[in-house]
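Residue numbers (the working numbering), protein chains in the order written: chain A, 15 to 309; chain B, 2 to 333.
Beta carbons are placed, not taken as given, at the ideal position from N, Cα and C, and that holds for glycine.
Given the structure is predicted, the values throughout are model-derived calculations rather than measurements.
The structure under discussion appears below in the form of structure tokens.
As structure tokens, then:
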């Protein structure tokens with residue numbers, strides 16, 4: 015029982031962070047119709063920024079967190095302006111290859127600056143735990159769940175009730191028509207990238223608080239799994255990203271916790287197998303909209 | 002009589018065959034004479050199987066226009082099945098190699114056939130992500146299949162004693178693959194493939210069976226990737242799941258993109274350059290992947306920018322004009 019509960023808590027923690035990252039993928043995909051492969055690497059850069067602030071300059075934790083989110087947002091904005099904007103309107107193959115290129119670029123820059131070894135953070139957000147009955151619940155888990163939930167709700171409201179949010183919906187529905195109605199498409203896409211990357215920054219903080227370490231490949235592995243979660247839940251849908259992220263986190267924690275030792279090597283493959291199956295059986299995901307192709 | 006002979010000499014088959022034999026002769030001689038250093042010799046074999054892998058990916062990305070990020074999966078299936086055949090059978094080395102190639106190629110082709118049947122509905126980004134996930138899935142499955150060595154890898158794969166023989170064997174595979182791909186892309190089937198790439202709906206409306214063609218291309222491509230895997234296993238003598246990660250697929254993709262997707266010659270040249278690059282830029286190894294990344298981004302931007310497109314059209318026109326003048330002269 016104890017074991018099951020702690021596994022579930024682990025799964026929810028992981029799942030919440032997945033959900034945040036999946037949200038970034040989902041928003042960008044919904045609006046720019048592109049798969050931002052570099053999204054995971056933005057997280058990696060975010061964690062490194064925490065590392066630099068905390069370990070090297072020993073800045074206070076709140077400042078570090080602000081810097082992390084700011085770095086991610088600026089990075090997302092820059093990447094969009096420099097790499098993706100010139101390719102707007104190109105075939106999706108070109109855009110995807112560019113995104114892979116950006117992901118590689120960020121990874122290798124990190125490799126160059128920080129070398130390949132894993133770096134550990136110094137006591138970033140160590141909050142202890144509270145006692146519930148005979149059970150210890152880490153406070154950081156509460157923080158992670160709370161943050162994710164609040165962000166989901168705020169984002170949902172933002173999209174439904176502000177003019178910027180409605181502009182996003184319009185652009186994701188039909189770029190051309192939105193432009194004719196006076197929506198500034200380029201600016202809307204930029205804003206989406208900034209929001210998505212800022213979410214990546216928040217995810218970076220939560221990831222750093224949970225795992226306390228980083229290497230240049232942290233982001234890409236995590237990013238691909240989060241993308242799997244986004245697709246699983248139905249890309250382009252905010253509740254979908256949430257459900258997808260949470261279920262992936264739970265499945266992963268359960269397989270790691272309860273699979274026999276000899277099969278533990280496969281636990282990494284679970285997310286991928288799930289993704290393949292989901293896309294084959296229901297390409298639009300759990301909550302996704304079905305696309306009808308017109309000639 | 003004379004004109005017949007001239008025709009034969011001017012034919013592509015003759016020129017290509019002569020060039021292939023000449024290149025082999027020169028390289029084999031250089032290896033045998035000991036002029037190439039050891040690392041250069043092994044680079045030559047690496048070029049052979051990387052070119053084979055890149056060509057197989059080119060069939061899917063360049064000719065069919067679908068992005069596969071999981072070619073490492075077929076490469077891995079081929080390498081593991083072919084090399085396991087060689088390790089667990091008791092045959093002369095040459096038969097082990099040929100048998101390994103067949104087994105590896107066919108196993109990879111079966112996997113390619115199955116996965117392509119499953120993903121027919123998907124296109125673009127989704128296809129890319131499924132193939133990527135599939136590649137990683139295969140890599141983690143390989144770890145738990147008994148007899149394949151788990152995470153430590155499959156060891157003790159037989160290898161050719163002399164480098165000349167090793168190079169020759171890899172080279173023969175490569176040449177056969179190039180001939181096969183050339184003939185395929187210049188056949189009726191090949192033209193249907195490019196028709197689907199250029200406009201799937203138009204292709205379907207003139208009666209091309211898109212699904213069957215896609216499955217065919219994926220199967221052939223997987224077969225060739227499997228061959229590349231077997232050749233790589235015979236060269237390395239041990240293979241681990243780590244040899245087949247996502248980076249391999251990306252590296253092959255860089256080769257295809259750099260070679261100008263859908264061009265056999267371009268892919269061969271680009272792959273050779275990329276394999277040789279670390280040797281050429283000694284001490285720059287840290288920057289190698291960085292350079293790949295920048296090359297990928299730059300190539301896509303150049304392709305997208307209208308100025309560059311206009312320039313390329315102009316250049317192509319000039320080259321074609323020059324070429325047609327040249328061939329006219331030769332015909333006279």
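Cβ-Cβ distances below 7 Å link residue 258 of chain B to 297 and 300 in the same chain, with the five nearest sequence neighbours on each side left out; the list follows chain order. In this structure, the straight-line span from the alpha carbon of residue 199 of chain B to that of residue 146 of chain B is close to 41 Å.
Per DSSP, residue 76 of chain A is one residue of the alpha helix (DSSP H) stretching across 75-93.
With the rule of 3 Cβ pairs closer than 8 Å, the segment 282-300 of chain A does not count as touching the segment 149-156 of chain B.
Under DSSP, residue 151 of chain A shares a beta bridge with A:144. Per DSSP, the continuous alpha helix (DSSP H) segment holding residue 31 of chain A begins and ends at 16-46. Counting of Cβ neighbours within 10 angstroms places residue 287 of chain B among the exposed residues, the total staying below 16. The C-beta of residue 107 of chain B comes no closer than 7 Å to any C-beta of chain A. When C-alpha distances from residue 136 of chain B are compared across A:91, A:28 and A:282, the shortest belongs to A:282.
At least one C-beta of chain A is nearer than 7 Å to the C-beta of residue 126 of chain B. Within the DSSP secondary-structure output, residue 240 of chain B pairs in a beta bridge with B:155. If you draw a straight line from the Cα of residue 78 of chain A to the Cα of residue 242 of chain A, it is about 29 Å long. The beta carbon of residue 156 of chain B lies closer than 7 Å to those of 150 and 239 in the same chain, with the five residues before and after it left out.
If you ignore the 5 residues before and after residue 234 of chain A, its C-beta comes within less than 7 Å of the C-beta of 54, 55, 117 and 121, all in its own chain and listed in chain order. Look at residue 118 of chain A: its C-beta is under 7 Å from a C-beta on chain B.
Segment contact: the segment 126-145 of chain A against the segment 238-258 of chain A, fewer than three CB-CB distances shorter than 8 Å; contact not assigned.
Among the residues of the segment 133-145 of chain A, none has a Cβ less than 8 Å away from any Cβ of chain B. Taking a C-beta distance under 7 Å as the contact criterion, residue 212 of chain A and residue 83 of chain A qualify as a contact pair.
Around the Cβ of residue 160 of chain A, a 10 Å sphere holds fewer than 16 other Cβ atoms; the residue is exposed.
Cβ contact annotation for residue 262 of chain B (same chain, cutoff 6 Å, sequence separation greater than five): 62 and 63, in chain order. Collapsing the DSSP output to three states places residue 197 of chain A in coil. Taking residue 99 of chain B as reference, the option from B:43, B:212, B:185 and B:227 with the minimal CA-CA separation is B:227. It is roughly 6 Å from the alpha-carbon of residue 309 of chain B to the alpha-carbon of residue 303 of chain B. Between the segment 269-283 of chain B and the segment 46-57 of chain B, the count of Cβ pairs shorter than 8 Å is three or higher; the stretches touch. Taking C-beta separations shorter than 8 Å and ignoring five residues to either side along the sequence, the partners of residue 133 of chain B in its chain run 70, 71, 247 and 250, following chain order.
Using a Cβ-Cβ cut-off of 7 Å, residue 274 of chain B is close to nothing in chain A; its nearest Cβ partner there is about 18 Å away.
With distances taken between CA atoms, residue 75 of chain B lies nearest to B:231 out of B:279, B:290, B:231 and B:305. Interface criterion met: the Cβ of residue 145 of chain B is under 7 Å from a Cβ in chain A.
Taking residue 175 of chain B as the centre and dropping the five residues before and after it, the same chain places the C-beta of 49, 52 and 53 closer than 7 Å to its C-beta, in chain order. Within the segment 212-283 of chain A, the complete alpha helix (DSSP H) segments at least 4 residues long are 232-247 and 252-272, listed from N- to C-terminus.
For residue 248 of chain B, the enclosing alpha helix (DSSP H) has its first and last residue at 247-259. With respect to the 7 Å criterion, residue 132 of chain A and residue 229 of chain A are classified as neighbours on the basis of their beta carbons. Residue 13 of chain B sits in a helix when the DSSP states are folded into three classes. Sequence-distant partners of residue 50 of chain A (beyond 5 residues in either direction) whose C-beta falls short of 6 Å from its own C-beta, in its chain, are 42 and 113. Looking from the CA of residue 201 of chain A, the closest CA among A:94, A:285 and A:220 belongs to A:94. The Cβ of residue 297 of chain A sits closer than 7 Å to at least one Cβ of chain B.
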